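Here the structure comes first, spelled out in structure tokens, and everything after it is commentary.
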Amino acid sequence: MGVFGIAVAPKSEINAAAETYSALFALQHRGQESCGIATSHKGIINFHKDMGLVPDVFTAKHLEALQGNLALGHVNYLTADGNQRVNAQPLVLSHINGNLAVAHNGALVNGLKLRNEMERRGGIFYTTSDAEIIAHLVVRERVWADSIEDAVKRTMQYLSGAYSVIMLSRNKLIAFRDPNGFRPLCMGKIDDSIVFASESCALDAIGAEFVRDIEPGEIVTVENGAVNSMKSGINARKSACVFEYIYFARPDSVIDGVSVDESRKEAGRCLARHNTVDADVVIGVPDSGLSAALGFAEESGIPYGVGFIKNRYIGRTFIQPSQGQRQRSVKIKLNAIAAAVRGKRVIMVDDSIVRGTTCARIVSLLREAGATEVHMRVSSPPFLHPCFFGTDVPDREVLIAHNHNLEEIREIIGADSLDYLHFEDLPQVVKGMNLDFCHACFTGDYSVEVPNKVEKQGLEEGVSTCEQ
Ligand code: AMP
255 MGVFGIAVAP
265 KSEINAAAET
275 YSALFALQHR
285 GQESCGIATS
295 HKGIINFHKD
305 MGLVPDVFTA
315 KHLEALQGNL
325 ALGHVNYLTA
335 DGNQRVNAQP
345 LVLSHINGNL
355 AVAHNGALVN
365 GLKLRNEMER
375 RGGIFYTTSD
385 AEIIAHLVVR
395 ERVWADSIED
405 AVKRTMQYLS
415 GAYSVIMLSR
425 NKLIAFRDPN
435 GFRPLCMGKI
445 DDSIVFASES
455 CALDAIGAEF
465 VRDIEPGEIV
475 TVENGAVNSM
485 KSGINARKSA
495 CVFEYIYFAR
505 PDSVIDGVSV
515 DESRKEAGRC
525 LARHNTVDAD
535 VVIGVPDSGL
545 SAALGFAEES
555 GIPYGVGFIK
565 NRYIGRTFIQ
575 PSQGQRQRSV
585 KIKLNAIAAA
595 VRGKRVIMVD
605 DSIVRGTTCA
615 RIVSLLREAG
625 ATEVHMRVSS
635 PPFLHPCFFG
645 TDVPDREVLI
655 AHNHNLEEIR
665 EIIGADSLDY
675 LHFEDLPQVV
685 KGMNLDFCHA
695 CFTGDYSVEV
705 PNKVEKQGLE
715 EGVSTCEQ
């Protein structure tokens, strides 16, 4: 998921909705299922959202109708909750003092529990999104708080898990990041206007200058051009998601002080240092494997080649709902360039193996294209534990590395050899990062308490949405 917000300075000519559209376009890799924009104009929040990619959901007419100097945008990807229109964000709701729009990136660990508690007291929910839980709590706390940011601060005491949130009230844009700092969130400036975004590539897209990352536990408010920051005061282990560097983020983004491209190249170099096989060419699986392959080639001296062509016009394979569909769409999405690999011993670098479906397919694509050997190198350690913080890998049983050892995985995917990034190399890969990172998917060492399977299933049974 990706979020973006802009507070246009009082005398500026910048069009908030149009800038949000461009920024969402740059964040499209973070979610292709649905998207939306909300703007605040004269105390009223207008919005448009739907299923689909940003250019499909918005026409010039939609953007024209979205007037106002404060805007908020969201791109959503399919989660285990299902592909439902009602879950498209920003979520816009009315409360006793007006309107509120909320866009959330991440996943609450205690979301179901909070929802269940509220429902027991008669609370009504329209969606299954965490954004709605957060909105309910902020509105409830606002009754006792001096300001909306104070209400956010109070709300943060209840929340556990990953949340990088941007909210829009009548006259304020509010951005806040959970105390662990799981998901990225940064701030930029375009003249005197302030913007917030999941990734710095969205700032580049609209010509905004990067100012800084929002700190874990920080709440930043913009009102009439003035920026205010406060701290939640919650003490938590810093744990920015390392998978942002490995897979999620765009290589042109810089997150918490580290270039995504540079971290991927470094992962490739680390892999090359452990390499024991000889090969004719190193290729990367687009897109997230490319930088790592370049790093591998640089370090090993084996020539870099372009071995695959990716069809840009379909979404990521992983977001297809069923295993069958996932297998089929890999074929449509990626093709090997036979001239680049025929008769060659190939080292193929990809960012991760989750279920194992994708890499088995691409290894056979290379063999069909004439590669004589395929050596797979993975620029992350084995994915062994479920993630509860928004990467949508909820169940350990689906993880190939949980159920199989290295040799078994090599055999299943059909590679001649297989190696993963060594866990000990991870700090080197994100060297210079100004936060500690979350590595729970590799180690099972979660920095917040996570629900067990039985507990989770029990709470999930009570959750339903209003279909649209
Ligand atoms: P598979 O092993 O078939 O499950 O697919 C692994 C591929 O999916 C990797 O090469 C990544 O490009 C991509 N991927 C990894 N993690 C995720 C994730 N959390 N969500 C979506 N795609 C992912």
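Residues in the sequence shown are numbered consecutively from 255, following my numbering. All C-beta atoms in this analysis are idealised placements derived from N, C-alpha and C, irrespective of residue type, glycine included. Owing to the predicted nature of the structure, the values given are computational and were not obtained by experimental measurement.
Open item on the list: Assuming V343 and G290 are in contact, meaning their beta carbons sit under 8 angstroms apart, how far apart are those beta carbons, in whole angstroms?
Closed with: Here the sequence assigns Gln to residue 343, which means Val is not the residue at that position. Contact flag correct, Cβ pair sits at about 6 angstroms.
Task: Rounded separation between G522 and P505 - CA only - done: 14 angstroms
Task: Beta-carbon gap between A355 and D384 smaller than 8 angstroms - done: no
TODO: Drop a sphere of 10 angstroms on the beta-carbon of R527, count the other beta-carbons inside from all chains shown, and report buried for 16 or more, exposed for fewer.
DONE: exposed
TODO: Please confirm whether any heavy atom of ligand 1 lies closer than 7 angstroms to the CB of Y674.
DONE: no
- [ ] Have a look at L278, R609, T381 and flag the residue whose alpha-carbon is nearest the alpha-carbon of F258.
- [x] L278
TODO: Give the straight-line distance between the Cα atoms of S634 and L675, rounded to the nearest whole angstrom.
DONE: 5 angstroms
Open item on the list: Within a Cβ cutoff of 6 angstroms, which residues of the same chain sit near V536, ignoring the five residues on either side of it in sequence?
Closed with: A547, F550, A551, I556, Y558, I601
- [ ] Note down the Cα distance separating Y417 from I473, rounded to an integer number of angstroms.
- [x] 12 angstroms
Open item on the list: Following a CB-centred definition, is C495 positioned closer than 7 angstroms to any heavy atom of ligand 1?
Closed with: no
Task: Short Cβ contact (8 angstroms threshold) for E433 with A494 - done: Note on identity: in this sequence residue 433 is Pro, with Glu being the wrong assignment. No, Cβ-Cβ distance for P433 and A494 is not below 8 angstroms.
Task: Whole-Å CB distance - F642 paired with V363, under 8 angstroms assumed - done: 5 angstroms
Task: Contact check, F497 vs T645, beta carbons under 8 angstroms - done: yes
Open item on the list: Please state whether the Cβ-Cβ distance between I428 and V406 is less than 8 angstroms.
Closed with: yes
Task: Inside the stretch 640-683 only - alpha helix (DSSP H) runs reaching at least 4 residues - done: 654-657, 660-667, 680-683
Open item on the list: Let me confirm a value: S454 is counted as buried when at least 16 other C-beta atoms fall within 10 Å, else exposed. Which label applies?
Closed with: buried
Open item on the list: Here's the rule I'm using: 16 or more other beta-carbon atoms within 10 Å means buried, otherwise exposed. How should Y567 be labelled?
Closed with: exposed
Open item on the list: Is I537 close to ligand 1? I mean its beta-carbon at under 7 angstroms from any heavy atom of the ligand.
Closed with: no
Task: CA nearest to the CA of N706, picked from S671, D679, I663, R650 - done: R650
Open item on the list: In whole angstroms, give me the CA-to-CA distance for E371 and V329.
Closed with: 28 angstroms
Open item on the list: I need the DSSP call for N353, collapsed to helix, strand or coil.
Closed with: strand
TODO: Count the other CB atoms, across all protein chains shown, that sit within 10 Å of the CB of Y501; report buried if there are 16 or more and exposed otherwise.
DONE: buried
Task: Length of the line joining the Cα atoms of G543 and L439 - done: 24 angstroms
TODO: Return the residue from the list I299, V262, N269 that minimises the CA-CA distance to A314.
DONE: N269
Open item on the list: Can you tell me whether A480 is helix, strand or coil according to DSSP?
Closed with: strand
Task: Cβ neighbour criterion (16 or more within 10 Å) applied to G686 - done: exposed
Open item on the list: 8 angstroms is my cut-off, CB to CB: does W398 come that close to chain C?
Closed with: Reference to chain C is not applicable here, since this structure consists of a single protein chain.
- [ ] Give the straight-line distance between the Cα atoms of Y499 and W398, rounded to the nearest whole angstrom.
- [x] 40 angstroms
Open item on the list: Going residue by residue through the stretch 495-546, where are the continuous beta strand (DSSP E) segments of at least 3 residues, counting only ones entirely within it?
Closed with: 535-538
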